[in-house]
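Shown next, in C-alpha cells, is the structure this report addresses.
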Amino acid sequence: MSGHDRSWSPSDRPPAELEAGPIVLRRWLTADLEGLAAEVERSRAHLAEWQPWALTADREALGGFLAYSEWSWNARTDFGFGLREADGRIVGGAGLHARIGPNALEIGYWVAADRINRGYATAAARALAAAGFELPGVERVEIHCDEANVRSAAVPRKLGFQLDRVEADEKETPAEAGRSMIWVLARPS
Numbered sequence: 009m010s011g012h013d014r015s016w017s018p019s020d021r022p023p024a025e026l027e028a029g030p031i032v033l034r035r036w037l038t039a040d041l042e043g044l045a046a047e048v049e050r051s052r053a054h055l056a057e058w059q060p061w062a063l064t065a066d067r068e069a070l071g072g073f074l075a076y077s078e079w080s081w082n083a084r085t086d087f088g089f090g091l092r093e094a095d096g097r098i099v100g101g102a103g104l105h106a107r108i109g110p111n112a113l114e115i116g117y118w119v120a121a122d123r124i125n126r127g128y129a130t131a132a133a134r135a136l137a138a139a140g141f142e143l144p145g146v147e148r149v150e151i152h153c154d155e156a157n158v159r160s161a162a163v164p165r166k167l168g169f170q171l172d173r174v175e176a177d178e179k180e181t182p183a184e185a186g187r188s189m190i191w192v193l194a195r196p197s
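Numbering (my numbering), first residue to last: 9 to 197.
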C-alpha cells in the first residue's frame, strides 16, 4: 500500500441496498445501533480473533462508527453496509473502502459467529465487487486479509481474485500471522 494516494474517491456512490443471495446489504445508518450492538456483543469473542476493534466496541464506539459511516458515505470515501437476513437481523458488516489508491476500492467483511460457513461473506463480497465496478473510475477491487485467516482467504479465491502479493503487516490480534495477503480483481473487460 505504500506510495498510494489515499485521497482518491469515486465520483459516485453504490446503491444503498444490494441483494446478495441469502442476505441483503443495506447502508449503515445511526438507526442501526441496537441491532449492531447486539450482534457485536453476541459475536465479540469470535470477532476479536481477527478484528481488533471488537474488544473495545461498546455502544458509544459503535454509535461513533455509525455516525462516521453516514459521513463517509456522503463524502464518497467509505461505503459501509450491514448484512441482513430476511427478518432484518444484522448478521455482519461489509464495505467498499477508498483507502488503497486511485481507481481502486478495498472490500472488507465480517460475519456473526452463529452465521459463519453459510456463504454470507462470499455473497457480500461478490455483490460489493459488482457494485464497485459500476462506479466510474474503479479499475480494481482488493481484499486484504491476514495469512492465518483461512476462512477470510477462501472468499477471494472463490470469487476469482488473484493473490497479488503478501506483505509484512503489524500483528493486531493474537490469531494473526502479521502477514497480509492482497487479493486483486480487475475490472472485467
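We put the CB at the ideal spot given by N, CA and C, even for glycine.
Owing to the predicted nature of the structure, the values given are computational and were not obtained by experimental measurement.
What does a CB cutoff of less than 8 Å around R92 pick up in its chain, not counting 5 residues either side in sequence?
I31, V32, L33, R34, I98 and V99
Answer yes if the segment 145 to 157 comes into contact with the segment 107 to 115, meaning at least three C-beta pairs across the two stretches below 8 Å, and no otherwise.
yes
In this structure, does DSSP put W16 in helix, strand or coil?
coil
Quick check: V174 and S188, are their CB atoms within less than 8 Å of each other?
yes
Leaving aside the five residues before and after P196 along the sequence, list all residues of the same chain whose C-beta is less than 6 Å from its C-beta, in chain order.
none
Locate the alpha helix (DSSP H) running through G72, then write down its first and last residues.
R67 to A83
For S10 and D95, I'd like the C-alpha separation in whole angstroms.
Low confidence applies to S10: its pLDDT is 37, below 50, so where it sits in the model is not reliable, and the reading given next is rough at best. The alpha-carbon atoms of S10 and D95 are separated by roughly 42 Å.
Using the DSSP secondary-structure output, state which residues sit across from W191 in a beta bridge.
I151 and L171
Taking C-alpha atoms, which residue in T38, G127, E184 and F89 lies nearest to A56?
E184
On a Cα-Cα basis, can you pick out the residue from Y128, G101, L26 and W118 that is closest to N157?
W118
What do you get for E114, buried or exposed, if any count of 16 or more other CB atoms within 10 angstroms of its CB means buried?
buried
Counting Cβ pairs, one atom from each stretch, are 3 or more of them under 8 Å apart for the segment 138 to 145 and the segment 163 to 183?
no
Taking C-alpha atoms, which residue in E147, E178, D177 and T181 lies nearest to A194?
E147
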